[in-house]
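A.B. asks: Numbering (this note's numbering), first residue to last: 307 to 366.
A single structure is presented below for examination.
Now the structure itself:
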């Protein structure tokens, strides 16, 4: 799902037209980029926490 979001974001970034024509597309793609980065960070955090939990269970 994240890969699809990134692919869509990259496709939208190729539009290099004045804001008057795209009605704020650049701003919207900037927000999408921030959301994708935040989501990626959240996924990495969850995966790391899961690995730590498994290690702790194996120790105890």
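Even glycine gets a Cβ: it sits at the ideal position worked out from N, Cα and C.
Can you tell me the Cα-Cα spacing of residue 310 and residue 332, whole angstroms?
C.D. replies: 19 Å
A.B. asks: Report the option in 337, 364, 351 and 366 whose CA atom is closest to the CA atom of residue 312.
C.D. replies: 337
A.B. asks: Can you find the residues in the same chain that come closer than 8 Å, C-beta to C-beta, to residue 342, ignoring five residues on each side of it along the sequence?
C.D. replies: 308, 311, 312 and 315
A.B. asks: Could you say which of 328, 327, 326 and 335 lies nearest to residue 319 if we only look at CA atoms?
C.D. replies: 335
A.B. asks: So, helix, strand or coil for residue 316, using DSSP?
C.D. replies: helix
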